[in-house]
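The structure appears right after this line, and notes come after that.
Residue numbers (mature numbering (1 follows the signal peptide of the UniProt record, and there is no 0)): -19 to -1, 1 to 181.
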């Protein structure tokens, strides 16, 4: 009997519990991106996907009007092939951006800018003359700079420039040493503004 009473009270509490704090201060999102990359004097196309969570760091009394967010993220870039050799790579990365919405008093605007560091692990694959695969993993430290626009509460369009600080990219062989520059456009889809898919 006591268990039933406690369970009823708990369920009743969760039904009246407001989701606003979760919605406005923690926002999860999935992303898809198309990039034009430049390594040395060569360019190539690249596609990637990612998961991010935006956490407000300047709480505001007005609902969903925070202007400053820390946004940790993880990304995966699909295989990109060299135009010249049997050399390809894929990227696993993680980082954190500082995102600033352009606010007018407590009114959040649709436009935002962001900047932050990213640590990437590049998994290179080269097909040798013997037909065997040679795998090598190299780290790169990157800087992200970008801007975005909210189309709806749950959809963002983003443009981003990224450059690598380490010369770990090859063109004709893994012994080449080049930096990478990336220009990307993408779309981010929010999880209805919180992890539990119950936005307001």
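The beta carbon of each residue, even a glycine, is placed where N, CA and C say it ideally should be.
DSSP places residue 139 inside the beta strand (DSSP E), whose first and last residues are 136 to 145. Annotation for residue 62: 69 place their beta carbon closer than 7 Å to its own, counting only its chain and skipping 5 residues before and after. In the DSSP assignment, residue 74 forms a beta bridge with 56, 101.
Note on residue 72: 16 or more other CB atoms within 10 angstroms of its CB, so buried under the neighbour-count rule.
Apart from sequence neighbours up to five positions away, the residues of its chain that approach residue 162 with a beta-carbon distance below 6 Å are 19, 144, ordered along the chain. Fewer than three beta-carbon pairs drawn from the region 102 to 114 and the region 76 to 94 are found closer than 8 Å, and the two stretches are therefore not classed as touching. Sorting 96, 28, 53 by C-alpha distance to the C-alpha of residue 60 places 28 at the top. Counting along the chain, the unbroken beta strand (DSSP E) around residue 131 starts and ends at 114 to 133.
With a cutoff of 8 Å on beta-carbon distance, residue 168 and residue 58 are scored as not near each other.
Residue 39 and residue 23 have their C-alpha atoms roughly 43 Å apart. In this model, residue 7 and residue 35 are separated by some 6 Å (Cα to Cα). Around the beta-carbon of residue 95, 16 or more other beta-carbon atoms lie within 10 Å, marking it buried. Annotation: the continuous beta strand (DSSP E) that includes residue 161 extends over 161 to 171.
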